[in-house]
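Take a look at the structure below.
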Amino acid sequence: MAGTPRRGAALDRAGIVGAAVALADEQGIERLSMRRLGDALGVEAMSLYHHVPGKAVLLDAMVDSVFGEIALPGDGAWADGMRDRARSQRAALHRHPWALRLLESRSAPGVANLRHHDTVLGYLRDAGFSIRAAGHAYALLDAFVYGFVMQEQALPFDAGSAPQLAATMLASTPGADFPNLTAFMRDVVLPGGYDFADEFEVGLALVLDAVANLQSGPPRP
Numbered sequence: 552m553a554g555t556p557r558r559g560a561a562l563d564r565a566g567i568v569g570a571a572v573a574l575a576d577e578q579g580i581e582r583l584s585m586r587r588l589g590d591a592l593g594v595e596a597m598s599l600y601h602h603v604p605g606k607a608v609l610l611d612a613m614v615d616s617v618f619g620e621i622a623l624p625g626d627g628a629w630a631d632g633m634r635d636r637a638r639s640q641r642a643a644l645h646r647h648p649w650a651l652r653l654l655e656s657r658s659a660p661g662v663a664n665l666r667h668h669d670t671v672l673g674y675l676r677d678a679g680f681s682i683r684a685a686g687h688a689y690a691l692l693d694a695f696v697y698g699f700v701m702q703e704q705a706l707p708f709d710a711g712s713a714p715q716l717a718a719t720m721l722a723s724t725p726g727a728d729f730p731n732l733t734a735f736m737r738d739v740v741l742p743g744g745y746d747f748a749d750e751f752e753v754g755l756a757l758v759l760d761a762v763a764n765l766q767s768g769p770p771r772p
């Protein structure tokens with residue numbers, strides 16, 4: 552299991568959290584328990600509690616670990632920085648699908664979680680957004696990324712299988728009743744080359760254009 556310390560290695564909090572993340576990546580968050588985590592580490596579950604008091608604290612730390620993987624916006628135009636952050640956020644959620652419904656759910660967020668939120672808000676304020684507008688911008692961009700990844704994870708096809716699915720649906724879907732849907736499947740998906748993942752960049756550009764309307768003035772000195 553990637554990220555799992557070798558059996559017999561000394562336990563520490565970072566190693567336990569890394570093993571928990573790896574276990575959730577491979578088996579899903581629903582199967583994560585202190586007992587299974589102990590089995591993966593080759594120790595009794597009770598020994599984990601010396602480092603992590605309980606599962607809620609473990610989940611807080613796992614979420615903090617994922618926030619630590621998401622790139623913070625850097626120097627340059629604010630839209631470029633937020634675009635890079637959104638791409639990094641999406642990539643982290645692909646690596647850790649379980650994190651999608653947990654990232655914003657913690658009532659006791661860790662340092663990386665807090666630092667990430669504070670830094671992004673400050674980045675937007677420095678770009679000329681009021682604190683309220685920065686909150687709006689942050690929420691709008693996160694909603695787009697989270698919603699897009701949720702849809703990606705749920706789709707029953709990928710770029711390779713999309714044409715076959717389109718052919719199957721066209722064979723069973725009355726075009727007269729659903730003319731626009733069948734036109735999309737016939738003209739866009741069926742020929743091949745359509746990848747729903749490409750919609751991310753299109754949507755992100757539109758969202759960033761909308762967010763620009765919230766900018767209230769010149770950057771803070």
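Using this note's numbering, the letters of the sequence shown map in sequence onto residues 552 to 772.
Ideal placement from N, C-alpha and C gives every residue a C-beta, glycine not left out.
Computed from a prediction, not measured in an experiment: that's the story for all the values here.
Distance from the CA atom of Gln766 to the CA atom of Arg586, rounded to whole angstroms, is 50 angstroms. Annotation for His601: no alpha helix (DSSP H) segment contains it, and DSSP assigns it neither H nor E.
For the pair Arg641 and Val696, the CB atoms are nearer than the 8 angstroms cut-off. DSSP places Gln766 in no alpha helix (DSSP H); its state is neither H nor E. For Gly686, the enclosing alpha helix (DSSP H) begins and ends at 682 to 705.
Around Leu672, the same chain offers Ala685 as residues with beta carbons nearer than 6 angstroms, after the five sequence neighbours per side are excluded. From the listed residues Asp631, Gly589, Trp649, Leu599, the smallest Cα separation to Ser616 is found for Trp649. For Gly679, the three-state secondary structure derived from DSSP is coil. Residue state for Tyr674 is assigned as helix, using DSSP reduced to three classes.
DSSP places Asp749 in no alpha helix (DSSP H); its state is neither H nor E. For a cut-off of 8 angstroms, the C-beta gap from Asp576 to Arg646 is around 7 angstroms, short enough to register as a contact.
Listed in chain order, the non-local C-beta contacts of Ile682 below 8 angstroms within the same chain comprise Leu672, Arg676, local neighbours out to five positions each way being set aside. Residue state for Val594 is assigned as coil, using DSSP reduced to three classes.
Across the set Ala561, Ala678, Val739, the C-alpha of Ala678 shows the shortest separation from the C-alpha of Gly627.
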